[in-house]
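Okay, so here's the structure we're looking at.
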Amino acid sequence: MKVMKFGGTSVGSPDKMKSIIPLITGDEKVVVVLSALSGTTNSLLEISELIRSAGTQEAINRNEALRSKYKQVVYDLFSTDEFRNEGYDLINSHFDYIGEFIAKAFTKLHEKTIVARGELLSTALFHNLLRERGISSVLLPALNFMRIDKDGEPDVFYIGENFKRELSQYPDENIIITQGFICRNAFGDIDNLKRGGSDFTASLIGAAINASEIQIWTDINGFHNNDPRYVSNTKVLRQISFDEAAELAYFGAKILHPSSVNPAKENNIPVRLKNTLNPDDEGTLITAETIWEDYKAVAAKDGISVIRIKSDRMLMAYGFIRKVFEIFEAYKTPVDMVTTSEVSVSITIDNQQYLKQIEEHLKEHGSVEVENDLSIICIVGDFRTERTGSAPEIFEALDTIHLKMISYGASPHSLSILIDSKDKIQALNLLNQYLFKQ
Ligand code: ADP
Ligand code: ASP
Ligand code: MG
65 MKVMKFGGTS VGSPDKMKSI IPLITGDEKV VVVLSALSGT TNSLLEISEL IRSAGTQEAI
125 NRNEALRSKY KQVVYDLFST DEFRNEGYDL INSHFDYIGE FIAKAFTKLH EKTIVARGEL
185 LSTALFHNLL RERGISSVLL PALNFMRIDK DGEPDVFYIG ENFKRELSQY PDENIIITQG
245 FICRNAFGDI DNLKRGGSDF TASLIGAAIN ASEIQIWTDI NGFHNNDPRY VSNTKVLRQI
305 SFDEAAELAY FGAKILHPSS VNPAKENNIP VRLKNTLNPD DEGTLITAET IWEDYKAVAA
365 KDGISVIRIK SDRMLMAYGF IRKVFEIFEA YKTPVDMVTT SEVSVSITID NQQYLKQIEE
425 HLKEHGSVEV ENDLSIICIV GDFRTERTGS APEIFEALDT IHLKMISYGA SPHSLSILID
485 SKDKIQALNL LNQYLFKQ
């Protein structure tokens, strides 16, 4: 049994939705995880923001515009009046529901309920498309089994038990459809796995059923060795390891949700990245095996802040670093990069929600400086300590860029560098020229 996840671009138009049918109708039983149609999640977030900020008329207009867009989708997707009418009823029920939130008190919970419409719509429409074509399938509601705990982490045991229970009701069904991204939280409210979270849904389900393969279908031939949004001449990687993929995804390679590699890695399930627009291409295979190469790929993550704590008296005293980290822990703020010197420690974070409070607490231990609008560049390759000569090539490539922090030696797979975000595109291009000779 395999899991096949189709992203927003793969279900972004009626024609694209139709074109995935031959991909899922083989002999093997499949769980099909669908994202919302491309652009829908953004639109729903914008509508939510308008409701929150009391932009009532604009919220009504945007909701109606999205309803009209979906009416056209329904018309083009189905060929019979019966299924078109069923489709119109479906979309009206969702957009009427959103309409009920307008001009009322609005919370984050309401936003999550609204945003969930994207995946609820795409899966219901796709399921009906298969029904119209006489292809048997079942739609399992993700809200019945996908759950995060009070820390926002997936409740793996609950997900496994409940998904398998739902699945056991359909032993003879070959196509199981479900929503990516959406889930319930520890209190039973509708929540989600954060942007791009359908990949995470796919790997959590893959792990729950010990799938033969987790396939992530998107709009590009697989993992590229640099970010194709900013660099031309990037090249597809045919094989990378779980660890390499996790580093790249965490440090900004948008093709995969940062947490989606873990469940596959823990259960040793191969992940394959495939292109819906070019299904014959083999794509990228992610497995436990590392094929060491000097340089494999580069990625960049934006929205980073660095916090520098300087304390002449404290740094060498034992317990100082622990005290500093406890402050980040108290505010549930993960740290990315850390460097230390005799008298100072620098720490980067990507979640600024509690930055002010963290800064205030840190001041009890020394002087504190914060710098924002930074990016981490992550270079994945062979950084085992027995190797020589890799760092000079990287530093030569980035000769003209201000380097703010370097992390080397923590992972045999990667080296990370902190730079100003305004230098990111130039840095990615320089690394492409120097390391990949492209
Ligand atoms: P989906 O809607 O299918 O989830 P995403 O937009 O989330 O698609 O991810 C695919 C996009 O990720 C690609 O179109 C590409 O622009 C971007 N991307 C960023 N870095 C990489 C990379 N290293 N390799 C491939 N794609 C990347
Ligand atoms: N629809 C969600 C998003 O746009 C989830 C996903 O596409 O994976 O973030
Ligand atoms: Mg995605």
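Position one of the sequence shown corresponds to residue 65 (this note's numbering), numbered consecutively onward.
Every residue gets a Cβ at the ideal spot worked out from N, C-alpha and C, and that includes glycine.
Treat the numbers as computed from the prediction; the structure is a model and nothing was measured.
Taking buried to mean at least 16 other C-beta atoms within 10 Å of its own C-beta, is residue i buried or exposed?
{"i": "R386", "result": "exposed"}
{"i": "N127", "result": "buried"}
{"i": "G198", "result": "exposed"}
{"i": "Y382", "result": "exposed"}
{"i": "S157", "result": "exposed"}
{"i": "L268", "result": "buried"}
{"i": "K329", "result": "buried"}
{"i": "N285", "result": "buried"}
{"i": "A417", "result": "Here residue 417 turns out to be Gln, not Ala, going by the sequence shown. Classification of Q417: exposed, given that the 10 Å Cβ count is below 16."}
{"i": "A266", "result": "buried"}
{"i": "G453", "result": "exposed"}
{"i": "S143", "result": "exposed"}
{"i": "L438", "result": "buried"}
{"i": "G216", "result": "exposed"}
{"i": "I355", "result": "exposed"}
{"i": "K338", "result": "buried"}
So who's on the other strand from residue i, going by DSSP bridges?
{"i": "S11", "result": "Because the chain in this structure spans residues 65 to 502, residue 11 falls outside the shown range and cannot be described."}
{"i": "M68", "result": "V96 and Q279"}
{"i": "Y359", "result": "G445"}
{"i": "T404", "result": "V409"}
{"i": "A118", "result": "DSSP output for A118 lists no bridge partner at all."}
{"i": "R372", "result": "S410 and E433"}
{"i": "S485", "result": "Answer is none; S485 lacks a bridge partner."}
{"i": "L203", "result": "I241"}
{"i": "R211", "result": "R248"}
{"i": "Q421", "result": "Paired residue(s): none; Q421 is not in a bridge."}
{"i": "V399", "result": "I413"}
{"i": "Q303", "result": "L349"}
{"i": "A364", "result": "I441"}
{"i": "H288", "result": "V300"}
{"i": "P218", "result": "I212"}
With a CB to CB cut of under 6 Å and the five nearest residues on each side skipped, what residues in its chain are close to residue i?
{"i": "L231", "result": "none"}
{"i": "L130", "result": "S107"}
{"i": "N493", "result": "V295"}
{"i": "S471", "result": "M401 and S480"}
{"i": "V432", "result": "I373, E423 and L426"}
{"i": "T403", "result": "S410 and M469"}
{"i": "L312", "result": "A361, A363 and V444"}
Go through its chain and collect everything with a Cβ distance to residue i's Cβ below 7 Å, but skip five positions before and after it.
{"i": "N226", "result": "N208 and F209"}
{"i": "I304", "result": "F287, T348, I350 and K360"}
{"i": "I155", "result": "R131, Y134, K135, V138 and L185"}
{"i": "N436", "result": "S369"}
{"i": "T105", "result": "V179 and G182"}
{"i": "I88", "result": "M68, V94, V96 and I239"}
{"i": "Y498", "result": "E457, E460 and A461"}
Once the 5 residues before and after residue i are set aside, which same chain residues still bring their CB inside 8 Å of it?
{"i": "S65", "result": "Per the sequence shown, the amino acid found at residue 65 is Met instead of Ser. Excluding positions up to five away in sequence, the list reads E92, K93, V94, V95, I273, A275 and S276."}
{"i": "V399", "result": "F389, F392, I411, T412 and I413"}
{"i": "N342", "result": "N285"}
Length at least 4, wholly inside the segment 319 to 348: the alpha helix (DSSP H) runs in chain order: 325 to 330
Could I get the ranges of all uninterrupted beta strand (DSSP E) runs contained in the segment 224 to 264, with 3 residues as the minimum, in chain order? 239 to 243, 246 to 248 and 254 to 256
Evaluate contact between the segment 234 to 252 and the segment 207 to 215, counting only Cβ atoms and requiring at least three cross-stretch pairs below 8 Å. yes
On the three-pair Cβ rule with 8 Å, is the segment 434 to 442 touching the segment 468 to 484? yes
Inter-stretch contact at 8 Å, needing at least 3 Cβ pairs: the segment 174 to 186 / the segment 254 to 266: yes
Does the segment 360 to 370 come into contact with the segment 486 to 501, if we say contact requires no fewer than three beta-carbon pairs (one atom in each stretch) closer than 8 Å? yes
Are the segment 72 to 81 and the segment 93 to 105 in contact at 8 Å, needing three or more beta carbon pairs? yes
For the segment 297 to 311 against the segment 234 to 246, are there 3 or more C-beta pairs whose distance is under 8 Å? no
Please list the segments of the alpha helix (DSSP H) lying wholly inside the segment 105 to 161, counting only runs of 4 or more residues, in order along the chain. 120 to 141
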